[in-house]
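Numbering (my numbering), first residue to last: 1362 to 1492.
Have a look at the structure below before the remarks.
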């Protein structure tokens, strides 16, 4: 997103410069890895980083808030939070007072994480959709 790129020092005029864009994306991913460094195990942390890269960490905080409202304690487990990310597509949920950042296309983020994990596992020769 242009505002994220600018936050990391990439001017809007350079967004379509492949070298600068990829370098900035790497900086952003590194910042997210640091932000989520407490999330374990590592494969779960990667999913959080990918999700935050795709939709922004504030939407993930909203999903966690919905989960807490439902009494869920394991709010750092991606598989348990992903259904709440999907709920943020529904006005019943994105208008909930605990949700501060509104609507998001949750299916895009969940599919993004799942597709990257699937491809990564293919490269590694590991069976299964998400491990």
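In this text, a Cβ means the ideal position worked out from N, Cα and C, and glycines have one as well.
Just so we're clear, the structure is a prediction, and the values are computed from it rather than from any experiment.
Counted within 10 angstroms of its Cβ, other Cβ atoms place residue i as buried (16 or more) or exposed
i	result
residue 1449	buried
residue 1397	buried
residue 1419	exposed
residue 1380	exposed
residue 1484	exposed
Residue i, DSSP secondary structure in three states
i	result
residue 1398	coil
residue 1376	coil
residue 1480	helix
residue 1369	coil
residue 1444	helix
Of the residues the options, the one placed nearest residue i, counting alpha carbons only
i	options	result
residue 1464	1369, 1438 and 1416	1416
*Does the segment 1408-1427 touch the segment 1473-1482, meaning 3 or more C-beta pairs lie closer than 8 Å?*
The segment 1473-1482, when compared against the segment 1408-1427, does touch it at the 8 Å Cβ threshold.
*Counting Cβ pairs, one atom from each stretch, are 3 or more of them under 8 Å apart for the segment 1424-1433 and the segment 1441-1448?*
Taking 8 Å as the limit for Cβ pairs, the verdict is that the segment 1441-1448 does touch the segment 1424-1433.
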